[in-house]
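Under UniProt numbering, the letters of the sequence shown match residues 1 to 131, in that order. Glycine included, each C-beta is placed from N, C-alpha and C at the ideal position. The next block holds one structure in the form of structure tokens; read it before the comments.
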Amino acid sequence: MINEKMSNSEGPTDQPPHRVDWKGDVYSQVLGNERSGYVRGLGLGPTPSVLWGSRSSFGNVDQEDSSNEVVQRLEHDITELKAKQNEEMNLMKQNQDNMQSELLQMRQLMCKYAPNECMPQNINGTSSGTR
């Protein structure tokens, strides 16, 4: 039957010789449309769902439990990261305050020993650039 269909069919001549058509080809005309889970032309053997069951029946409860565990672990990680970030931010602010006080002391010493080199300071402790 396939040979008859192949000899009677007039396919386009611009197709490559080893091209496989899936819709409307000789195989689909003889064997019918392709069915999900089967390899067309190899019979009606067992499908993956027959051998191993459908994917939807695989331990949904276990998946939910593991999902909850993952969510809890991630929330714990986020909490730890936020605490670490706050600790580092406080340390950086403390270092900045220490540096600003040291800079102020250095400027005061400079003005004491070299009064001609002192520059007026803005409110935030930086020099204004004028002498």
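Item, Value
"In the structure shown, what three-state DSSP assignment does residue 114 receive?", "coil"
"Let me know the secondary structure DSSP gives residue 25 once reduced to three states.", "coil"
"Which residue spans inside the region 67 to 116 form an unbroken alpha helix (DSSP H) run of at least 4?", "none"
"Rounded to whole angstroms, what's the CA-CA distance from residue 98 to residue 65? Just pull it up for me.", "50 Å"
"Could you tell me the distance, in whole angstroms, from the CA atom of residue 72 to the CA atom of residue 87?", "23 Å"
"Rounded to a whole number of angstroms, what is the C-alpha to C-alpha distance between residue 118 and residue 92?", "29 Å"
"Give me, in chain order, the residues of the same chain whose beta-carbon lies closer than 8 Å to that of residue 70; leave out the 5 immediate sequence neighbours on both sides.", "none"
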